[in-house]
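Enquirer: Have a look at this one before I ask anything.
2 protein chains.
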Amino acid sequence: MRAVPEAMAEKLMATAGEFVASWDDVRIDDIAAASGVPRATLYYYFSSKEDILAFMLRRMLDRLTEAVAAADDADDDLPTRLAAVIRAQLSHLGEYPATAQLLISNLGKAGKLPDIAAAINASFHEPVRRLLAQGAADGSFRSVEPEMAATALYGAVTIIGLRCLLIDGSIDVDAVSAQIVPMFWSGLRPEAGA
Amino acid sequence: MRAVPEAMAEKLMATAGEFVASWDDVRIDDIAAASGVPRATLYYYFSSKEDILAFMLRRMLDRLTEAVAAADDADDDLPTRLAAVIRAQLSHLGEYPATAQLLISNLGKAGKLPDIAAAINASFHEPVRRLLAQGAADGSFRSVEPEMAATALYGAVTIIGLRCLLIDGSIDVDAVSAQIVPMFWSGLRPEAGA
DNA sequence: TACCATCTTGGACGTGGCATCTAAACCTCT
DNA sequence: AGAGGTTTAGATGCCACGTCCAAGATGGTA
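Chains as they are written, first to last, in the numbering used here: chain A, 1 to 194; chain B, 195 to 388.
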């Protein structure tokens, strides 16, 4: 597989919004027209339509992985770090709404590609799992099974982000964080003093 | 659209497992062969391949809606009812793993069908939202925004269920519930007395 | 400049799967 | 027995994907 030129990658990512409706209904010619990259050129770099999708998803997830890593400051305490990671994930979903929706809408195809599945894990699941495991060990968090708790958080954050995108068209990261982080922190149990 | 005979519906649901790999890679002829329903007959009842998928998803979701409604006993207190609803959802995912995965893998296609989206809402989101709203009003739950909290729970439960199916091949409802219900209830905050 | 490898692109083409159509059975009533 | 709905096999049209080719552009090197 040839290395995709940066200019072309940008053109593709910029037009991802056109394809959100339904990947199956998008023809290769549509992708060519929307991105300005001729069809023959697309096939020079990509082996199939699915390969184009995989490229866009991988690129989006790689950026997310970086953004999450950058947001996680090892100097802070664990609850702060967890909140920062969740914020970064939400914020990234809001920044690349089209590719994010593309990812969710095509989990089936994405799941078949091992590297995409690994990228999802690296961006969403693994950072959270690590923080939870650390926190369970040093008492910063209640002792929960890190694996399952991480999955729960991943599911909650992703679906909430997606729902915001579908309903509002964008994500108000501050407002959403303010809602959900305390919920993760304190649960649904009523305040003792209330 | 003609009413699908019950026998045929059962045949289709029974063979859903064959199609999990990737709906796109399944040909109409494969569906015919696997289910024993001839191709021409399929087209007598369904207008397209997508329509067959929609039918299976709708049927699965309708059953889930019923199962959740049946599990929710209005005589119990709200935390118990919420736990029961979550159990029912998990249990149903485990009972129909093939269709459940089919649903998640094809959210994109499902999203195009408004009635499927409504059915997802009716099965997963709405029952939880109602309980949370009630609980916030009468003090059984901490006062959270029911809309967002319901989405969070829906995301967490669904993704956890799916992950169990992918990794273990089945869902141990008791074990999973025992893990996540306390987590939803008490959050990640360490026990005061710990 | 001349040359070569790589990239870029338009257009023609083969293939395979979806969906349609037809017509022949096959019920199940009345 | 006749009418109206159902079930089915097979032929066909169509459309999108992916392949191929041949001609130009580009850029580095002798």
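Where is the CB? At the ideal position from N, CA and C, for every residue including glycine.
Since the model is a prediction, treat every value here as computed from it, not as a measurement.
Do you know offhand how far glutamate 212 (chain B)'s Cα is from serine 229 (chain B)'s?
Expert: 9 angstroms
Enquirer: Between the C-alpha atoms of threonine 41 (chain A) and methionine 56 (chain A), what's the straight-line distance to the nearest angstrom?
Expert: 16 angstroms
Enquirer: Are there 16 or more other CB atoms within 10 angstroms of the CB of methionine 148 (chain A), so buried, or fewer, so exposed?
Expert: buried
Enquirer: Tell me the residue span of the alpha helix (DSSP H) that contains arginine 336 (chain B).
Expert: Neither: arginine 336 (chain B) is in no alpha helix (DSSP H) and is coded neither H nor E.
Enquirer: Is the Cβ-Cβ distance between valine 356 (chain B) and leucine 287 (chain B) less than 9 angstroms?
Expert: Here residue 356 (chain B) turns out to be leucine, not valine, going by the sequence shown. It is a contact, given that the beta carbons lie within the stated cut-off.
Enquirer: Are alanine 110 (chain A) and leucine 53 (chain A) close, meaning C-beta to C-beta below 9 angstroms?
Expert: yes
Enquirer: How is asparagine 121 (chain A) classed by DSSP in three states: helix, strand or coil?
Expert: helix
Enquirer: Between valine 181 (chain A) and aspartate 362 (chain B), what straight-line distance do the alpha-carbon atoms span, to the nearest angstrom?
Expert: Between valine 181 (chain A) and aspartate 362 (chain B), the alpha-carbon positions lie close to 30 angstroms from each other.
Enquirer: What number of angstroms, rounded off, separates the C-alpha of alanine 194 (chain A) from the C-alpha of serine 371 (chain B)?
Expert: Because the pLDDT of alanine 194 (chain A) is 46, which lies under 50, any placement of that residue in the model is unreliable, and the number read from its coordinates should be weighed accordingly. Rounded to the nearest angstrom, the two C-alpha atoms are 27 angstroms apart.
Enquirer: Let me confirm a value: tyrosine 290 (chain B) is counted as buried when at least 16 other C-beta atoms fall within 10 Å, else exposed. Which label applies?
Expert: When all chains shown are included, tyrosine 290 (chain B) counts as buried.
Enquirer: Which of helix, strand or coil does DSSP assign to serine 186 (chain A)?
Expert: helix
Enquirer: Taking the CB atoms as reference points, tell me whether asparagine 130 (chain A) and proline 146 (chain A) lie closer together than 9 angstroms.
Expert: Checking the sequence shown, residue 130 (chain A) turns out to be arginine, not asparagine. Contact: yes.
Enquirer: Between arginine 58 (chain A) and isoleucine 104 (chain A), how many whole angstroms is the CB-CB distance? I'm expecting something under 8 angstroms.
Expert: Between isoleucine 104 (chain A) and arginine 58 (chain A) the Cβ distance is about 15 angstroms, and since that is not below 8 angstroms, they are no contact.
Enquirer: Could you confirm whether any beta carbon from chain B is found closer than 9 angstroms to the beta carbon of alanine 194 (chain A)?
Expert: In this prediction, alanine 194 (chain A) scores a pLDDT of 46, lower than 50, which makes its location untrustworthy; no coordinate-derived value is stated.
Enquirer: Might you give, ordered along the chain, the residues of its own chain that have their beta carbon closer than 6 angstroms to the beta carbon of alanine 98 (chain A), omitting 5 neighbours on each side?
Expert: Ala16, Gly17 and Val20
Enquirer: Okay, do the region 255-275 of chain B and the region 61-69 of chain A touch, 3+ Cβ pairs below 8 angstroms being the bar?
Expert: no
Enquirer: Any chance you could list the alpha helix (DSSP H) runs of at least 4 consecutive residues sitting entirely within the region 245-316 of chain B, in chain order?
Expert: Taken in chain order, the complete alpha helix (DSSP H) segments of 4 residues or longer contained in the region 245-316 of chain B are 272-289, 291-299, 301-306 and 308-314.
Enquirer: Determine the DSSP secondary structure at glutamate 320 (chain B), reduced to helix, strand or coil.
Expert: helix
Enquirer: Chain A partners of glutamate 390 (chain B), CB-CB under 7 angstroms?
Expert: Residue 390 (chain B) lies beyond the range of chain B shown here (195 to 388); nothing can be said about it.
Enquirer: Could you tell me if leucine 166 (chain A) is buried or exposed, where buried requires 16 or more neighbouring beta carbons within 10 angstroms of its beta carbon?
Expert: Residue burial is scored here from C-beta neighbours: leucine 166 (chain A) has fewer than 16 other C-beta atoms within 10 angstroms and is therefore classed as exposed.
Enquirer: Name the chain B residues whose beta carbon is nearer than 9 angstroms to that of proline 190 (chain A)?
Expert: Gly329, Gly333, Ser334, Phe335, Arg336 and Ser337
Enquirer: State buried or exposed for arginine 275 (chain B), treating a residue as buried only when at least 16 other CB atoms are found within 10 Å of its CB.
Expert: Its Cβ being crowded by 16 or more others within 10 Å, arginine 275 (chain B) is buried.
Enquirer: Contact check, alanine 156 (chain A) vs leucine 61 (chain A) under 8 angstroms by CB: the rounded distance?
Expert: No, alanine 156 (chain A) and leucine 61 (chain A) are not in contact; Cβ-Cβ is about 19 angstroms, not under 8 angstroms.
Enquirer: Using three-state DSSP, classify alanine 178 (chain A) as helix, strand or coil.
Expert: It is helical.
Enquirer: Less than 8 angstroms between the CB atoms is what I'm expecting for glutamate 191 (chain A) and arginine 383 (chain B), so what's the real figure, rounded?
Expert: That belief does not hold up - the Cβ atoms of glutamate 191 (chain A) and arginine 383 (chain B) are roughly 12 angstroms apart, past 8 angstroms.
Enquirer: Residue range of the alpha helix (DSSP H) that threonine 235 (chain B) falls in?
Expert: 233-239
Enquirer: In chain order, what residues of the region 281-293 of chain B put their CB closer than 8 angstroms to some CB of chain A?
Expert: none
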